[in-house]
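In the working numbering, the protein residues as written are 2 to 106. Just so it is clear, CB atoms sit at the ideal spot from N, CA and C, and this is done for glycine as well.
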Ligand SMILES: [Zn+2]
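Okay, structure coming up:
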């Protein structure tokens, strides 16, 4: 079983990765604004894909932050709905999840 400290390290590493990705998305979007208008249509499509990536990274970060708060308050690893212990295998797969398997769907 992993300790809270190990989970925190895991979550923070993932958070850093997402921050990095969001910065890359942002600078890519900015570079599009400065290029020739001829590529406009293609770039707009790419922009939508990039924005989607940025949004999903952002959504995951919100969940990671919430998980880090639960570590601080000692609630991490318990389901926020029914209070059951979330299994280690599930936390390995989804370290930011606030739900046990039964409450997740
Ligand atoms: Zn539950």
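For residue 60, the enclosing alpha helix (DSSP H) begins and ends at 41-73.
Screening all residues for a C-beta within a distance smaller than 6 Å of any heavy atom in ligand 1 leaves 80, 82, 83, 85, 100, 101, 103 and 104, in chain order. Close CB contacts of residue 85 within its chain, under the 6 Å cut and outside five residues either way in sequence, are with 101 (chain order).
Ranked by Cα distance from residue 26, the options 7, 5 and 50 are led by 50. Secondary structure of residue 102 (DSSP, three-state): coil. CA-CA distance, residue 59 to residue 66, rounds to 11 Å. CA-to-CA, the gap between residue 33 and residue 44 works out to about 7 Å. C-alpha of residue 3 to C-alpha of residue 41: approximately 49 Å in a straight line.
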